[in-house]
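Chemist: Numbering (this note's numbering), first residue to last: 10 to 176. Positions of the beta carbon are idealized from the N, C-alpha and C atoms, including for glycine. Treat the numbers as computed from the prediction; the structure is a model and nothing was measured.
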């Protein structure tokens, strides 16, 4: 894995932590409108998503190399005007969370992802490995990692919007 992919992961996670680390329970669970997730639910969704991505990447690492993986346009996921419905497996709980619990969950899922990446063979080329994504189809593993960061950025913007509505 190249340093750009690591940088993207660390940059987005650090920004997420900065956005939520000083929030109280009221801010964590505030819903500006009923059909929108609160910040705690967004964080739980990010945790669940990272777990699913980690499993997909781990499976993809065990597959043979491919020479013809088409790079997809994954950048539109940052466009908040485009709405997506989350599959049940990554839909957040409606139960309230404490900030410390959310921080632990986010740390746990990131540790698992990094462990999978650190454990891979040093000669592995991520853009020659793939796993099936429900929206994009076959997606190279380097794009899975980039998509995880882009997805987190999308939700950071959502958190910022909710925080702005609270002021």
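Which residue wins for smallest C-alpha separation from residue 99, given the options 15, 24, 50?
Modeler: Here the question's residue 99 lines up with position 90 in the chain shown. If we check each option's Cα against that of residue 99, 50 comes out closest.
Chemist: Using CA atoms only, rank isn't needed, just tell me which of 33, 93, 55 is closest to residue 44.
Modeler: Numbered from its first residue, the chain shown carries residue 44 at position 35. Selected option, being the one with the closest Cα: 93.
Chemist: Among 31, 117, 171, whose alpha-carbon lies nearest the alpha-carbon of residue 63?
Modeler: To locate residue 63, count along the chain shown from 1; it is residue 54. Cα-wise, what sits closest to residue 63 is 117.
Chemist: Provide the residue(s) that pair with residue 148 in DSSP beta bridges, ordered along the chain.
Modeler: Start at 1 with the first residue of the chain shown, and residue 148 comes out as number 139. Paired residues: 140.
Chemist: Assign residue 133 to one of two classes, buried (16 or more other C-beta atoms within 10 Å of its C-beta) or exposed (fewer than that).
Modeler: As a first step, residue 133 is located in the chain shown; it is residue number 124 there, counting from the start. Residue 133 is exposed by the Cβ-count criterion.
Chemist: Grouping DSSP H, G and I as helix and E and B as strand, with all else coil, what is residue 53?
Modeler: In the chain shown, the residue the question calls residue 53 occupies position 44. The answer is helix: DSSP assigns residue 53 an H, G or I state.
Chemist: Three-state secondary structure (DSSP) at residue 82?
Modeler: For the purposes of this step, residue 82 is taken as the residue at position 73 of the chain shown. If DSSP states are grouped into helix, strand and coil, residue 82 belongs with coil.
Chemist: Is residue 47 buried or exposed, if buried means 16 or more other CB atoms sit within 10 Å of its CB?
Modeler: Residue mapping note: residue 47 aligns to position 38 of the chain shown, counting from 1. Buried, since its Cβ has 16 or more Cβ neighbours within 10 Å.
Chemist: If you drop the 5 nearest sequence neighbours on each side, which residues of the same chain put their C-beta closer than 8 angstroms to that of residue 87?
Modeler: Taking the first residue of the chain shown as 1, we reach residue 87 at position 78. Once the five neighbours on either side are set aside, the close Cβ partners of residue 87 are 159, 162, 163, 166.
Chemist: Give the DSSP-derived three-state secondary structure of residue 118 in the structure shown.
Modeler: Here the question's residue 118 lines up with position 109 in the chain shown. Residue 118 falls in the helix class under three-state DSSP.
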